[in-house]
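Residue numbers (this note's numbering): -13 to 388.
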């Protein structure tokens, strides 16, 4: 295998295994609440610490990558994951479960920026980078499908602790692959002139980078609306059974995975990132309008497929485009953007929860198409800024194709 093939294989394997953790937590939450003899809502609140750990890992990942390079950061993240999953599998007291949940979040917080930065360093041409980031997110989606299926059988025939033991074993396999591949830290191909800029503490931030961070917050809210508010709206307002609602949400996940694969292999190699983001947001806007005006099961299905197709590669494309907006290529830009996505999760939960509790269940959904248009406006402003304002220094390590 070539150096690039080794890097990509390791990144995709990491995404495949890591993508299943959140789905695994959701799967075994009832069994965990029974084991610890606590209400399931308390388990959900405890698992919020996983998001806190994720934010901590995201925030410090850029500095860690600059100090020990992407490959060593990835290996460190995997090692932390092995420790966290192994301790979770032991079924230790609830206080230990809480700490391990946060530790696992830190592990993922280091891992996601590391694999993203590795792919960013490997591909300097914009469309190649965007397509590979879309494929990376496809493997995250695939993991969220694969782990719950296998985990369901393990939980049924063994116990919930077996699911975490399986994840620990997968992480051990991943660490063996990372060490066996012997990938050198040449992935960090930032020119020496730009490295000297970093040492001189020149800021990576500019208007365009900050705006893309805001766009990522908006996108994550949209995705959280589908995850948290479609189900109560469909079951309680539209009187669709829980089984049929589950099928609809499964179709949403399947459409995202399918389009991420197609976009990664074909579309993003042919279309400019800004055009793809704009078209995706328009698709999301139309899909939400269709959804809110639907009354039959098949119209809900069609609208959800439309929303899934629009959402599919928005995050990786925004991420790749955002990395290119930094004043110079740096892992801190990747760290900042991924942290913005994690913050979007908090904003989505708090804002949608407040609206759902104090207004009604459909109001959080109405916000989503508005945010889709805000993302379009942000892209328009960054294009104008880059073309006329030049408020950012050109990133000479990022090549655009026409």
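Cβ atoms here follow ideal geometry from the backbone N, Cα and C, with glycine treated the same way.
Might you give, ordered along the chain, the residues of its own chain that have their beta carbon closer than 6 Å to the beta carbon of residue i, omitting 5 neighbours on each side?
i           : result
residue 271 : 355, 358
residue 120 : 246, 249, 250, 254, 299, 302
residue 185 : Unreliable positioning characterises residue 185 in this predicted model, as indicated by a pLDDT of 47, which lies under 50. A coordinate reading is not provided.
residue 67  : 93, 157
residue 317 : 48, 51, 52, 103
residue 41  : 328
residue 73  : 86
residue 43  : 92, 95, 96
Under a Cβ-count criterion, where at least 16 other Cβ atoms within 10 Å of its own Cβ denotes burial, should residue i be classed as buried or exposed?
i           : result
residue 162 : exposed
residue 88  : buried
residue 109 : buried
residue 57  : buried
residue 236 : exposed
residue 156 : buried
residue 23  : exposed
residue 374 : exposed
residue 99  : buried
residue 279 : exposed
residue 152 : buried
residue 232 : exposed
residue 0   : buried
residue 130 : buried
residue 345 : exposed
residue -11 : exposed
residue 256 : exposed
residue 289 : buried
residue 224 : exposed
residue 71  : buried
residue 281 : exposed
Using a threshold of 8 Å, state whether the C-beta atoms of residue i and residue j are closer than that.
i           : j           : result
residue 273 : residue 292 : yes
residue 210 : residue 335 : yes
residue 167 : residue -8  : yes
residue 286 : residue 341 : no
residue 202 : residue 86  : no
residue 159 : residue 6   : no
residue 313 : residue 189 : yes
residue 35  : residue 84  : yes
residue 59  : residue 82  : no
residue 389 : residue 311 : Nothing in the structure corresponds to residue 389, since the chain is present only between -13 and 388.
residue 362 : residue 204 : no
residue 134 : residue 10  : yes
residue 199 : residue 322 : yes
Ordered along the chain, which non-local residues of its own chain (more than five positions away) have a Cβ less than 8 Å from that of residue i?
i           : result
residue 14  : 137, 141, 146, 149
residue 165 : 61
residue 37  : 91, 328, 331, 332
residue 226 : 220, 234, 283, 286
residue 2   : 125, 126, 128, 129, 132
residue 276 : 285, 288, 289, 292
Who are the near neighbours of residue i in its chain, counting only those whose CB is closer than 7 Å to its CB and skipping five residues on each side?
i           : result
residue 197 : 364, 367, 368
residue 242 : 127, 294, 297, 298
residue 215 : 338, 342, 347, 350, 351
residue -3  : 101, 104, 105, 122
residue 320 : 48, 99, 102, 103, 106, 309
residue 228 : 221
residue 268 : none
residue 206 : 327, 330, 331, 334
residue 208 : 270, 297, 354, 357, 358
residue 17  : 141, 146
residue 65  : 161
residue 396 : Lying outside -13 to 388, the shown extent of the chain, residue 396 is not represented and no answer is given.
Against chain C, with Cβ distances strictly below 8 Å, would residue i count as a contact?
i           : result
residue 351 : Absent here is chain C; the protein component of the structure consists of one chain.
Could you name each continuous alpha helix (DSSP H) segment of 4 residues or more that falls completely within the region 181 to 229, going from the start of the chain to the end?
193 to 218
Count the CB pairs spanning the region 257 to 269 and the region 360 to 373 that are closer than 8 Å, and state whether there are at least three.
yes
Contact between the region 89 to 109 and the region 329 to 340: three or more CB pairs below 8 Å?
no
List in chain order: all unbroken alpha helix (DSSP H) runs of 4+ residues lying wholly within the region 280 to 322.
Correct list: 283 to 297, 300 to 309.
Touch check for the region 71 to 90 and the region 117 to 131: three-plus C-beta pairs under 8 Å?
Counting C-beta pairs with one atom in each stretch, the region 71 to 90 and the region 117 to 131 have fewer than three that are closer than 8 Å, which means they do not touch.
Taking contact to mean 3 or more Cβ pairs, one atom from each stretch, closer than 8 Å, check whether the region 126 to 135 and the region 44 to 56 are in contact.
Counting C-beta pairs closer than 8 Å gives fewer than three between the region 126 to 135 and the region 44 to 56, which falls short of the contact rule.
Every unbroken alpha helix (DSSP H) within the region 62 to 147, with a cutoff of 4 residues, ordered by chain:
80 to 108, 112 to 143
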